[in-house]
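Student:
Protein chains: 2
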Amino acid sequence: MDQPVIGDVFGEMIRDAYAVRTGIGPRPLAGGRVPRPVIEIIERDDGLINGAPADHYLAEPAEWQPHDVRALRLCRGAVLDIGCGAGRTALELQRRGMAVTGLDTSAGAVEVARDRGLRDTVIATVDDYARATARYDTFLLLGNNLGLLEGPERAPAFLTALAALARPGARIIAQGTDPYGTTDPVHVAYHRRNRERGRLGGQLRLRLRYRLLATDWFDYLNCSVEELTGLLEGTRWRLKSVDTADRPYYLAVMELSP
Amino acid sequence: MDQPVIGDVFGEMIRDAYAVRTGIGPRPLAGGRVPRPVIEIIERDDGLINGAPADHYLAEPAEWQPHDVRALRLCRGAVLDIGCGAGRTALELQRRGMAVTGLDTSAGAVEVARDRGLRDTVIATVDDYARATARYDTFLLLGNNLGLLEGPERAPAFLTALAALARPGARIIAQGTDPYGTTDPVHVAYHRRNRERGRLGGQLRLRLRYRLLATDWFDYLNCSVEELTGLLEGTRWRLKSVDTADRPYYLAVMELSP
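Going down the list, the protein sequences come from chains S and Z. Numbering of the first sequence is given in full-length UniProt numbering, commencing with residue 1 and proceeding in unit increments. Numbering of the second sequence is given in full-length UniProt numbering, commencing with residue 1 and proceeding in unit increments.
#1: How about VAL9(Z) and ARG205(Z): do their beta carbons lie closer than 8 Å?
#2: So with Cβ pairs under 8 Å, would you call LEU35(S) a contact of chain Z?
#3: Over what stretch of residues does the alpha helix (DSSP H) that includes ALA109(S) continue unbroken?
#4: I want to verify the contact list: residues of chain S whose CB lies under 7 Å from the CB of THR215(Z), in sequence order.
#5: What does the Cβ neighbour count give for ILE41(Z), buried or exposed, with the cut at 16 atoms within 10 Å?
#6: Report the rounded CA-to-CA distance for GLY145(Z) versus TYR250(Z), giving the unit in angstroms.
#7: Please specify which runs of the alpha helix (DSSP H), each continuous and at least 4 residues long, are wholly inside the segment 99-170 of chain Z, giving them in chain order.
#8: Express the C-alpha separation of GLY181(S) and ARG131(S) in angstroms, rounding to a whole number.
#9: Report the neighbours of VAL5(Z) on chain S: residues whose CB is nearer than 8 Å to its CB, in chain order.
#10: What first and last residue would you give for the alpha helix (DSSP H) that runs through PRO26(S)?
#11: Any Cβ of chain S within less than 8 Å of the Cβ of ALA174(Z)?
#12: Relative to the ligand FMN, is the shortest distance from any of its heavy atoms to the C-beta of PRO26(Z) smaller than 7 Å?
#13: Under 8 Å: do the segment 78-93 of chain Z and the segment 135-149 of chain Z share three or more Cβ pairs, one atom per stretch?
#14: Does GLY32(S) get closer than 8 Å to chain Z when you measure Cβ to Cβ?
#15: Looking at chain S, is there any beta carbon in it that lies within less than 8 Å of the beta carbon of VAL69(Z)?
#16: I need the straight-line Cα distance from GLU153(Z) to LEU159(Z), nearest angstrom please.
#17: Please confirm whether LEU72(S) has its beta-carbon closer than 8 Å to some beta-carbon of chain Z.
#18: Taking buried to mean at least 16 other C-beta atoms within 10 Å of its own C-beta, is GLY234(Z) buried or exposed?
#19: Residue range of the alpha helix (DSSP H) that ARG192(Z) falls in?
#20: Can you tell me whether ALA52(S) is helix, strand or coil according to DSSP?
#21: Using the C-alpha atoms, what's the distance from GLN65(Z) back to CYS84(Z)?
#22: Would you please state the rounded distance, in angstroms, between the beta carbons of CYS223(S) and THR138(S)? I believe it to be under 8 Å.
#23: Chain Z beta carbons: is any one of them nearer than 8 Å to that of ARG211(S)?
#24: Tell me, to the nearest whole angstrom, how far the beta carbon of LEU165(Z) is from that of TYR136(Z); I am working on the premise that it is less than 8 Å.
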């Protein structure tokens, strides 16, 4: 059986989801005629596989989850939307007249964001972008992108890059997921297995797949607020507030120390 | 990375889809709280992966595709619903007062069908069931289950098993998909690759995955009507009519020779 090809999974998927939503451009069809739903497929290193419709990446504000609406009210000054994808939140900030840069590592996703009208975009990691001269007041990590902290090894470097990009008094507004409310034996066993390997329970090892493409395996962190507090120790960021109204999801606001 | 475990993928998936649709029983949740959609994931041997929502397996007649509605009008006498799954079509025939047996190899799917009220069920392959004494007037292969012919090697044995289960004048009513209307380069290349290996272009090699489970790899046939006619040669079945109103899908009616 052929292995999938490493490539811009997220970009290809978003391009198709955009074509399905707008009716513009080629889109996946069954038998050359019947539209296929665009599904994001996520494999975990314990063999778990999950799919979820990809259309939410293109959702208009009226379709958003309430915590995303609340997150945008917390933005101020120049905003860097990290993992902006198809520009869902960055476009809304731009509509509101705010200064916003959309950053993503997926060239395909950024292309869709630009097609949709997002003016200021960067294709880079935060580490690479920290060498640029742009500075920000708000770092936005929505769509569960607190997960980009990855785990205890990666988090300090990620947070240092954000500090290098920060103006005085800058804030990170991040949406995370507390994974520990589950009783599902598959997930409970996975958390235990991770801890036995010296990892955080919700330190997921994942790859994305779409059609013939796969990403490399990467870490993505679902952590409790307590674990997040631990990851901030020794960095220049301090937890300022947590909004847990939409559990298991939460919004964490972190502020740069003077 | 751990490999998935071989198991009753379809049964586990249908059980979850049933729990989601009815609100009864444990169902997949994100973070222990937020309902997850139940997605069927299909891998093909060229590395292609596709997902599709599983809820259609439980669709009520008002939600069906038109060819399924037309197919049920063609049923007469005692019906064997092959690959009955969660009983979508068999339950409707039973409601109409027809004699119907639901056959599936998935114990989990048959359990759901029985929960939903399907009275006569068999967990078996058609080959195994052909050794029983039951005889039928109609064999129903809906939900693309013409694909169970697999290809030129398997089709004769499958059709022989149905002939052994048949009463005089019995008919097969099967829904197939003509795969050759596509211009998608991924599929065009796959059809060519199959032919280079001596297979029919649409002779898919697939496995299903759901959560931690996978099936073994199996063949599943999408063929043109012309290819189907070829597969019937040398068997006791003759193509009687084809309904192509919902292309690329079609309904083929085959009749047993006297």
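Backbone N, C-alpha and C fix where the C-beta goes; we use that ideal spot for every residue, glycine too.
Tutor: This is what the structure holds:
#1: By one-based count along the second sequence, residue 9(Z) stands at place 9. By one-based count along the second sequence, residue 205(Z) stands at place 205. No, they are not a contact pair.
#2: By 1-based counting over the first sequence, the position of residue 35(S) is 35. It should be noted that the sequence gives Pro, not Leu, for residue 35(S). It does not: the Cβ of PRO35(S) has no partner Cβ on chain Z nearer than 8 Å.
#3: If you number the first sequence from 1, residue 109(S) lands on position 109. First-last of the alpha helix (DSSP H) with ALA109(S): 107-115.
#4: On the second sequence, residue 215(Z) is found 215 positions in, with the first residue counted as 1. The contacting residues do not exist; THR215(Z) stays about 13 Å from chain S at best.
#5: As a working note, residue 41(Z) is residue 41 in the second sequence. Buried, because 16 or more other Cβ atoms sit within 10 Å of the Cβ of ILE41(Z).
#6: Translated into the one-based positions of the second sequence, residue 145(Z) becomes position 145. Translated into the one-based positions of the second sequence, residue 250(Z) becomes position 250. First, the amino acid is wrong: residue 145(Z) is Asn here, not Gly. The straight-line gap from Cα to Cα measures roughly 11 Å.
#7: 107-115, 126-129 and 155-164
#8: On the first sequence, position 131 is the one that residue 131(S) refers to. On the first sequence, position 181 is the one that residue 181(S) refers to. The straight-line gap from Cα to Cα measures roughly 39 Å.
#9: Counting from 1 along the second sequence, the entry for residue 5(Z) is found at position 5. Going along chain S in sequence order, the residues near VAL5(Z) (Cβ under 8 Å) are GLY47.
#10: As a working note, residue 26(S) is residue 26 in the first sequence. Element bounds for PRO26(S): n/a, residue is neither H nor E.
#11: Walking along the second sequence from the start, residue 174(Z) turns up at place 174. No - not a single Cβ of chain S is within 8 Å of the one on ALA174(Z).
#12: Absent from the structure shown: the ligand FMN. Ligands present: none.
#13: yes
#14: The residue you call residue 32(S) lines up with position 32 of the first sequence. Yes, contact with chain Z.
#15: Numbered from its first residue, the second sequence carries residue 69(Z) at position 69. Cβ-Cβ to chain S under 8 Å: no for VAL69(Z).
#16: By one-based count along the second sequence, residue 153(Z) stands at place 153. By one-based count along the second sequence, residue 159(Z) stands at place 159. Cα to Cα, GLU153(Z) sits roughly 11 Å from LEU159(Z).
#17: Within the first sequence, numbered from 1, the residue matching residue 72(S) stands at position 72. Not one chain Z Cβ lies under 8 Å of LEU72(S).
#18: Your numbering for residue 234(Z) matches position 234 in the second sequence. With fewer than 16 Cβ atoms within 10 Å of its Cβ, GLY234(Z) is classed as exposed.
#19: Translated into positions along the second sequence, residue 192(Z) becomes position 192. ARG192(Z) -> alpha helix (DSSP H) spans 185-196.
#20: Here residue 52(S) refers to the residue found at position 52 when the first sequence is read from its first residue. Strand.
#21: For the purposes of this step, residue 84(Z) is identified with residue 84 of the second sequence, where counting begins at 1. For the purposes of this step, residue 65(Z) is identified with residue 65 of the second sequence, where counting begins at 1. The straight-line gap from Cα to Cα measures roughly 16 Å.
#22: Working through the first sequence from its first residue, we reach residue 223(S) at position 223. Working through the first sequence from its first residue, we reach residue 138(S) at position 138. Incorrect: roughly 21 Å between the Cβ atoms, too far for contact.
#23: Within the first sequence, the letter at position 211 stands for residue 211(S). Taking Cβ atoms only, chain Z reaches closer than 8 Å to ARG211(S), which makes this a yes.
#24: Indexing the second sequence from 1 puts residue 165(Z) at position 165. Indexing the second sequence from 1 puts residue 136(Z) at position 136. Sure, about 6 Å apart at Cβ, within 8 Å.
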